[in-house]
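For reference, the structure discussed in these notes is given below.
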Amino acid sequence: MGVGNITELTSADSTGVNALLIAICEEIGVRAVLTTEVIPWARGSVREIDIARRLMHYAVEHRTLPKGVDDRLLTVKDPVVLEYSEEELRLLHAAVKDPNFRIFADRTTITVFNHELFVRGTDIQEIFAQLGVEEGTHAFYLGRELMKAKLAITLGKTYRQEGALAWGYLTPPDDVRSEHVKLTQRKRRTEKRAEGG
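Residue numbers (our numbering): 14 to 210.
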């Protein structure tokens with residue numbers, strides 16, 4: 014059965030379209046499908062169909078819904094969004110003793126705090142302006158993280174500071190090297206030496 018025409022000729026992300034087409038194929042006993050990846054929104058269709066095939070086969074064979082078994086086809090929205098209440102974040106804030114900023118995002122709001130500041134808001138430029146950061150590398154790091162937090166809110170995703178957003182089967186592995194931490198540590202050591210410590 015050719016499913017490529019449907020994914021290629023429908024202006025919709027291919028993950029959901031392919032999942033539904035493969036569910037139909039599994040239900041009616043189609044054993045082979047043909048797809049293409051010509052149009053930009055169909056990129057990854059071959060891999061999506063492979064994941065969908067396994068998911069739908071499992072669901073039909075076990076007479077269960079294709080839900081909560083394999084979330085790799087959830088590429089835009091997350092199945093569950095991790096969030097903390099303002100009360101929980103204020104408790105965390107009270108326990109912080111260092112100047113490093115912690116960033117959290119819930120469904121609507123970004124919260125940034127360290128041992129001195131507690132800032133909540135929805136506009137990342139306003140949040141950044143309240144942080145008083147002047148060092149270039151630290152400003153770049155915070156700007157990147159605030160943008161990622163805003164993107165997570167916009168798309169309904171979980172934000173984890175210094176972690177990649179989850180993109181289902183498209184999620185890149187986390188970068189275990191953190192240049193920000195290295196640069197910040199170097200600068201603090203240099204400052205201590207300059208102070209005679």
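Beta carbons: idealized from backbone N, C-alpha and C, even for Gly.
Predicted, not measured: the structure shown is a model, and the values here were computed from it.
query: Identity of the residues DSSP links to R115 by a beta bridge; result: F126
query: Alpha-carbon spacing of E192 relative to F117, whole angstroms; result: Bear in mind that a pLDDT of 48 at E192, under 50, signals an unreliable position, so the number given afterwards is only what the model happens to contain. Going from the Cα of E192 to the Cα of F117 covers about 20 Å.
query: Residue environment, V82, which counts as buried when at least 16 other CB atoms sit within 10 Å; result: exposed
query: Close beta carbons around V109, own chain, < 8 Å, minus the five adjacent residues each side; result: R115, F126, N127, H128
query: N-terminal and C-terminal residue of the beta strand (DSSP E) that R133 is part of; result: 131-134
query: Cβ-Cβ separation, G169 to K90 (assumed contact under 8 Å), whole Å; result: 4 Å
query: Per-residue burial, N31 [other beta carbons within 10 Å of its own, 16 or more giving buried]; result: buried
query: Bridge-paired residues (DSSP) for G15; result: L47
query: Segment contact flag, the segment 34-50 with the segment 62-73, C-beta cutoff 8 Å, min 3 pairs; result: yes
query: Coil, strand or helix - L22 by DSSP; result: coil
query: R133 to R60 span [Cα, whole Å]; result: 40 Å
query: Assigned exposure category for M160 - 16 Cβ within 10 Å defines buried; result: exposed
query: Three CB pairs or more closer than 8 Å across the segment 67-76 and the segment 49-56; result: no
query: Candidates I140, T167, D26, of which the one nearest L86 by Cα; result: D26
query: DSSP-derived helix/strand/coil call for W180; result: coil
query: Contact set for L196: own chain, Cβ-Cβ below 6 Å, skip 5 residues either direction; result: Confidence is the limiting factor: at L196 the pLDDT is only 40, short of 50, which leaves the residue's position unreliable and the question unanswerable from this model.
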